[in-house]
Amino acid sequence: MSKPELPSRELTLHRSARHWDGHFTAMANPCEVLCQCDDAATAREMTRRAAEEAWRIESKFSRYRPEGVVFAINNAGGRSTVLDEESARLIAYGDELWRLSEGRFDITSGVLRRAWRFEPGAIPPDPARVGELLQSIGWSKAHWHPPNLTLPAGMEIDLGGIGKEYAVDRAVEMLNAGWPQIPALVNFGGDLRVSGPVPREGAWNVGIESPVSAEQAARAVQLSAGALATSGDARRHIWANGRRYGHILDARTGWPTPGAPRSVTVAAATCSLAGTFSTLAMLLGTDAEAFLASQNVRYWCLR
Amino acid sequence: MQLKKFASLGGALAAATCGLLGSQPSVASAAGEEAGWQSDTSLLYYGESDSRVTDVSLRTALRRAWDDGSKLSGSLTLDSLTGASPTGAVPTDSVQTFTRPSGKGQYTIGSNEQPLDDTFKDTRIALTANWDQPLGDAMRYGVGLTFSTEYDYRHMGANGRFEHDFNQRNTTLQVGMAYARDSIDPVGGAPIGLHPMKGQGDSSSKLGNDSKSVIDLLIGVTQVVSRRSLLDLSYTYSRAGGYLNDPYKLLTVVDNTGRPVGVDPYLYESRPDARAKHGLFSEWRYAFDEDSLALSYRYMFDDWGIKSHTLEGRYRWNFDERTYLEPHLRYYMQSAADFYRTYLESGATLPVNASSDYRLADLDAWTAGIKFAHKTSLGEFSARLEYYRQTANPQPGGVGLLNTYDLVPPLTAIIGQIGYRLNF
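Quick mapping for you: the protein sequence lines, in order, are chains R and X. The numbering of the first sequence is our numbering, which starts it at -17 and goes up by one. The numbering of the second sequence is our numbering, which starts it at 2 and goes up by one.
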């Protein structure tokens, strides 16, 4: 949900050693569905079901799609928008995350992208510019009376921080409902979740990309149930003045949390929960490990 | 944010996610990884019938794996061997007297009994250390050291291996080599081949210690054949040089009635001082919906004239995710070494090399067993029970009295093992 161009809605299927490997692009990310079934037709149908759900969520919650809910909210010009049940659930979730993170996570902080660039060679923004943008950030300024949401004119919401993990969970629900007996793995741009029974090998072998360099070997994680999500990554950061600026920004300051890990990967029952834990860990900076250690989840924190 | 608040924060986040997704799945996440510590401890019992050799072996291994795929592992094995081992001499119809290998003492074997040396008692300590490291995405290498010591034998070795994945990881090529240098310091000295066993205090047939070296080379390929099956193929070459005799093995020189002849009828065995061995190995592994099967065949031949075939199969029967039962069946057959002699005949020309070690004879062996394993939150427990039976043929054409004996009696053994593996 971060690039304006329409993604290609192509779907490809390959056979690999132990499963079928379905590919498509959604939410500007390469997505895959690994299916441990015998025939190609079933694998293609499973991939299609997951892809259609991903594309549906992308259209509905993209800031750029005029037909979508987020576009309607952001362009209401200070008027109230009545949300459907699913959109209201996502906004309510954002509201909870804002409250629980004490404002660090904020679905109105997307406007910071106007100041921050994370391409190679980019430099950190002018603090004055960030300060200016902070004026239009703050969930407390929104009027949220479910199902009615009103944003002050000039403010925007962005569900990019939770949409991809939500899409993974929804796709897994689809697969679990349609093919409960087929082991599958849904992976949208590195956030993933297991569907169906344990695969024949006992677990899915998942590689987590090293945040240090693309050349360094990926770590292998064996996942037999549940989900993995990662926050922070190898490419979306910049170096300036001898320090590293990651792309997870604290909505209260407009800057990355000092002392944040380079990346955090969390295993949890659902992708949404794993993603929430990993994002919050990034926002807690030096306390990331202490927070994760108290959650009784497996995590991999890279500094 | 206060640390003590974190625990309740997690609960609140989980509840919020629950609200988002409608309901929470019943299964929690089950993520493991290679990284971390693993310990593996096992106790093995090997007992041959008729109170021959008994080995009780305790092995403990520790492995540490890191996130980047590198691994450090080490193991310690303690073996305690006791019992009686065939000397290689043949039975006869009178009492036979043998000098103990130390040269200090004698023992006698009753008439019509197979000569066994009951002084067989040793404790062995073996250590290994290995380091494995990925090289990028598709390559790995490993290096290792091995060491073992027992009363009369010391082994030191080093090994290295390299693997490369090709063809979208459907093909893996392996090459490996190992070098070992062993020193042998037999009780009472290393006997000179085909020299007579002398009486107490006479060491004229013995020299001091000796040594051997072994080089092993391996080249192999693992190929994914289909979604369910894998094929392993490899070739091994092994070259040993130096003192390759068993210093405690004898041959009886018999007269034309089949009885030991002369004053010193027992000669120490003599094997060539080099051995080149070639092996071809293939294994096919197949995964069923729940269970799996592995079948392998190995062909070996060496320049001692031994050719062997091994057929082996294992079927892993998974009851559930935590428990399996694995029946195992193995058949082994080999032809005798060119210089294998059950005994030597007086008057005939003495061969250059001769050994009556039954392990160099024409033999067949069966192993049948079953393994049970169960995983719990405290680790994986396993138990294995196997039965081994070996039958061997003496050299053809018996002489006199020897026709009345079973010169190479069958050997049976029971193998029991219990193991415990823990990841932490």
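C-beta atoms are modelled at their ideal positions from N, C-alpha and C, and glycine is treated no differently.
Legend entry - Of the residues Thr405/X, Tyr421/X, Phe425/X, the one placed nearest Val91/X, counting alpha carbons only: In the second sequence, the residue the question calls residue 91/X occupies position 90. Cα-wise, what sits closest to Val91/X is Thr405/X.
Inset, instruction - Can you tell me which of the three DSSP states Tyr148/R falls into? - result: Here residue 148/R refers to the residue found at position 166 of the first sequence. Three-state DSSP puts Tyr148/R in a helix.
Inset, instruction - Below 8 Å between beta carbons is the criterion; list the residues of the segment 57 to 85 of chain R that meet it against any residue of chain X, in chain order. - result: Arg71, Leu72, Ala74, Tyr75, Glu78, Leu79, Leu82, Glu84
Inset, instruction - Taking a Cβ distance cut-off of 9 Å, strictly less, list which residues of the segment 268 to 283 of chain R are near chain X, in chain order. - result: Those would be Asp269, Ala272, Phe273, Leu274, Ala275, Ser276, Gln277, Asn278, Val279, Arg280, Trp282, in chain order.
Inset, instruction - Between the Cα of Asn354/X and those of Asp56/X, Ala338/X, Trp367/X, spot the shortest distance and give me the residue it belongs to. - result: The residue labelled residue 354/X in the question sits at position 353 within the second sequence. The option with the nearest alpha carbon to Asn354/X is Ala338/X.
Inset, instruction - Indicate whether the contact test is met: 3 or more Cβ pairs, each with one atom in the segment 207 to 217 of chain X and one in the segment 239 to 250 of chain X, closer than 8 Å. - result: Output reads yes: the segment 239 to 250 of chain X touches the segment 207 to 217 of chain X.
Legend entry - Delimiting residues of the alpha helix (DSSP H) encompassing Asn56/R: Reading the first sequence from its first residue, position 74 is the one you call residue 56/R. Looking at the DSSP string, the run of the alpha helix (DSSP H) that includes Asn56/R is 51 to 56.
Legend entry - Continuous alpha helix (DSSP H) stretch holding Lys42/R: start and end: Residue 42/R sits at position 60 when you count from the first residue of the first sequence. Taken as a continuous stretch (DSSP letters only), the alpha helix (DSSP H) holding Lys42/R covers 22 to 43.
Legend entry - For Phe425/X, three-class secondary structure by DSSP: Translated into the one-based positions of the second sequence, residue 425/X becomes position 424. Correct three-state label for Phe425/X: coil.
Inset, instruction - Examine chain R for any beta-carbon lying closer than 8 Å to the beta-carbon of Ala288/X, and answer yes or no. - result: Against the second sequence, residue 288/X aligns to sequence position 287. Ala288/X counts as touching chain R.
Inset, instruction - To the nearest angstrom, report how far apart Lys105/X and Asp247/X are at their CA atoms. - result: Taking the second sequence and counting its residues from 1, one reaches residue 105/X at position 104. Taking the second sequence and counting its residues from 1, one reaches residue 247/X at position 246. Computed Cα separation, rounded: 19 Å.
Legend entry - Contact with chain X by Thr252/R, beta-carbon distance below 8 Å: Position 270 of the first sequence holds residue 252/R. Yes, Thr252/R lies at the interface with chain X (some Cβ there is under 8 Å from its Cβ).
Inset, instruction - Would you check if the distance between the CB atom of Gln201/X and the CB atom of Thr100/X is smaller than 8 Å? - result: Within the second sequence, numbered from 1, the residue matching residue 201/X stands at position 200. Within the second sequence, numbered from 1, the residue matching residue 100/X stands at position 99. Yes, the pair counts as a contact, with Cβ atoms nearer than the cut-off.
Legend entry - Helix, strand or coil at Lys6/X according to DSSP, with G and I counted as helix: To locate residue 6/X, count along the second sequence from 1; it is residue 5. In the structure shown, Lys6/X sits in a helix (DSSP, three-state: H, G or I).
Inset, instruction - Would you verify that the beta carbon of Phe87/R is, or is not, closer than 8 Å to some beta carbon of chain X? - result: Working through the first sequence from its first residue, we reach residue 87/R at position 105. Phe87/R does not count as touching chain X.
Inset, instruction - Run the CB neighbour count on Trp38/X, radius 10 Å, all protein chains shown included, and call it buried at 16 or more, exposed below. - result: In the second sequence, residue 38/X corresponds to position 37, counting from 1. Trp38/X comes out exposed.
Inset, instruction - Starting from the Cα of Arg182/X, find the closest Cα among Leu14/X, Thr147/X, Lys207/X, Arg162/X and give me that residue. - result: Here residue 182/X corresponds to residue number 181 of the second sequence, with the count starting at 1. Comparing Cα-Cα distances from Arg182/X to each of Leu14/X, Thr147/X, Lys207/X, Arg162/X, the minimum goes to Thr147/X.
Legend entry - Three-state class that DSSP yields for Leu268/X in the structure shown: Taking the second sequence and counting its residues from 1, one reaches residue 268/X at position 267. In the structure shown, Leu268/X sits in a strand (DSSP, three-state: E or B).
Legend entry - Exposure label - Ala275/X; buried when at least 16 CB within 10 Å: Position 274 of the second sequence, counted from the start, is the residue given in the question as residue 275/X. Exposed is the call here.
Legend entry - contact_flag[the segment 106 to 115 of chain X, the segment 156 to 167 of chain X] where n(CB pairs < 8 Å) is 3 or more: Output reads no: the segment 156 to 167 of chain X does not touch the segment 106 to 115 of chain X.
Legend entry - Proximity to Gly59/R [Cα-Cα], best of Trp2/R, Val112/R, Leu131/R, Gly85/R: Taking the first residue of the first sequence as position 1, residue 59/R is located at position 77. Closest option to Gly59/R, Cα to Cα, is Leu131/R.
Inset, instruction - Inspect the CB distances between the segment 409 to 418 of chain X and the segment 344 to 351 of chain X and report whether three or more fall short of 8 Å. - result: no
Legend entry - DSSP-derived helix/strand/coil call for Met156/R: As a first step, residue 156/R is located in the first sequence; it is residue number 174 there, counting from the start. Of the three classes helix, strand and coil, the one that applies to Met156/R here is helix, per DSSP.
Legend entry - Secondary structure of Lys250/X, DSSP reduced to three states: Within the second sequence, the letter at position 249 stands for residue 250/X. In the three-state DSSP reduction, Lys250/X falls in the coil class, being neither helix nor strand.
Legend entry - Interface residues of chain X facing Arg182/R [CB-CB closer than 9 Å]: Your numbering for residue 182/R matches position 200 in the first sequence. Result: Arg229, Ala288, Phe289, Asp290, Glu291, Ser293.
Legend entry - N- and C-terminal bounds of the beta strand (DSSP E) containing Leu115/R: In the first sequence, counting from the first residue as 1, residue 115/R sits at position 133. Careful: Leu115/R lies outside any beta strand (DSSP E), inside the alpha helix (DSSP H) at 109 to 116.
Legend entry - Sub-8 Å separation of Leu195/X and Leu351/X beta-carbons: Your numbering for residue 195/X matches position 194 in the second sequence. Your numbering for residue 351/X matches position 350 in the second sequence. It is a contact, given that the beta carbons lie within the stated cut-off.
Legend entry - Proximal residues of chain R, C-beta to C-beta of Val54/X below 9 Å: In the second sequence, counting from the first residue as 1, residue 54/X sits at position 53. Those do not exist, as Val54/X stays about 38 Å from chain R at its closest Cβ, beyond 9 Å.
Inset, instruction - Would you check if the distance between the CB atom of Val15/R and the CB atom of Thr24/R is smaller than 8 Å? - result: Within the first sequence, numbered from 1, the residue matching residue 15/R stands at position 33. Within the first sequence, numbered from 1, the residue matching residue 24/R stands at position 42. Result no, Cβ atoms of Val15/R and Thr24/R do not sit closer than 8 Å.
Legend entry - Boundaries (first-last residue) of the alpha helix (DSSP H) holding Leu82/R: For the purposes of this step, residue 82/R is taken as residue 100 along the first sequence, with counting starting at 1. Looking at the DSSP string, the run of the alpha helix (DSSP H) that includes Leu82/R is 67 to 82.
Legend entry - Limits of the alpha helix (DSSP H) - the one that Gly257/R falls within: Start at 1 with the first residue of the first sequence, and residue 257/R comes out as number 275. 253 to 265 is the extent of the alpha helix (DSSP H) around Gly257/R.
Inset, instruction - Starting from the Cα of Gly70/X, find the closest Cα among Asp232/R, Val51/R, Gly189/R and give me that residue. - result: To locate residue 70/X, count along the second sequence from 1; it is residue 69. A check of alpha carbon separations from Gly70/X across Asp232/R, Val51/R, Gly189/R identifies Gly189/R as the nearest.
Legend entry - The beta strand (DSSP E) enclosing Leu274/R, as first and last residue numbers: For the purposes of this step, residue 274/R is taken as the residue at position 292 of the first sequence. It is not in any beta strand (DSSP E) - Leu274/R instead sits in the alpha helix (DSSP H) that spans 270 to 275.
Legend entry - Beta bridge counterpart(s) of Thr7/R as assigned by DSSP: The residue labelled residue 7/R in the question sits at position 25 within the first sequence. DSSP, once it has assigned bridges, lists Pro12/R as partnering Thr7/R.
Inset, instruction - Please check the pair Arg65/X and Leu73/X, which I expect to be a contact at CB under 8 Å, by giving their CB distance rounded to whole angstroms. - result: The residue given as residue 65/X occupies position 64 in the second sequence. The residue given as residue 73/X occupies position 72 in the second sequence. Rounded, the Cβ-Cβ distance is 5 Å, consistent with contact.
Inset, instruction - Give the interface partners of Thr258/R over in chain X, defined as CB-CB distance under 7 Å, in chain order. - result: Locating residue 258/R in the first sequence gives position 276, where the first residue counts as 1. Chain X residues near Thr258/R: Leu14, Thr18.
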